[in-house]
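See below for the structure under consideration.
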Amino acid sequence: DSGVTQTPKHLITATGQRVTLRCSPRSGDLSVYWYQQSLDQGLQFLIQYYNGEERAKGNILERFSAQQFPDLHSELNLSSLELGDSALYFCASSVDPRGAGNTIYFGEGSWLTVV
Amino acid sequence: DQQVKQNSPSLSVQEGRISILNCDYTNSMFDYFLWYKKYPAEGPTFLISISSIKDKNEDGRFTVFLNKSAKHLSLHIVPSQPGDSAVYFCAASENNNDMRFGAGTRLTVKP
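Chains as they are written, first to last, in this note's numbering: chain A, 49 to 163; chain B, 49 to 159.
Below you can see the structure in the form of structure tokens.
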């Protein structure tokens, strides 16, 4: 157990809909990262927040947005969903805002299926 | 833009033999490299890392080799055990920022 909690674990929704994925970081971690893992793709970095502020942005679509709340939990909002958005979405957290590799802890992921 | 590539989606080896997982990168500014291991229904977990100032780092049965001129790194597992069966992700970062991951290699170690 990494200490990073993601909900829901599984989600099935229709095209055009909107969903919210939730992440609670490890206790004491100020940084939250979101990654997307599609079939045959590596872990694609989407976005990072540090202590409530956006710190880095990766390959995140305009239809997606995220935020980190004062209690440090984070939400990833996916809207106007398309079939290609079906993927495993990972949240990770770290104390270090730079995300030094061995201090990043991943959650178990949220499986999103768009039908 | 896949800056980190793992060209072998799968690898199968016999228990007790060596497993070699390969990774190539394109960004010459990457200076920190990592391997993560992922079991089904779990998130990736950190396995081993190497800084660009080194060409080898060893941790028990796991050794990572870095060839900067070839922009290539590899993970050696000796001896391989059935419990090593998992997906292995290679990752790289520049100055410890914003890791970029490869697509992963599924390792199967047969008893």
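Idealized CB from N, CA, C, for every residue including glycine.
Judged by DSSP in its simplified three-state form, L131 of chain A adopts helix. For G100 of chain A, the closest alpha carbon among the candidates A:L91, A:Q116, A:Q89 is that of A:Q116. Note on S67 of chain B: 16 or more other CB atoms within 10 angstroms of its CB, so buried under the neighbour-count rule.
The C-beta of L91 of chain A comes closer than 7 angstroms to at least one C-beta of chain B. In this structure, the straight-line span from the alpha carbon of I101 of chain B to that of T93 of chain B is close to 24 angstroms. Interface criterion met: the Cβ of A151 of chain B is under 7 angstroms from a Cβ in chain A.
Cβ contact annotation for T68 of chain A (same chain, cutoff 6 angstroms, sequence separation greater than five): E123, N125, in chain order.
Below the 8 angstroms Cβ cutoff, chain A contributes E156 as neighbours of A89 of chain B, in chain order.
Residues of chain B whose Cβ lies closer than 7 angstroms to the Cβ of F138 of chain A are, in chain order, G91.
The segment 135–146 of chain A makes no contact with the segment 55–64 of chain B; the number of CB pairs closer than 8 angstroms stays below 3.
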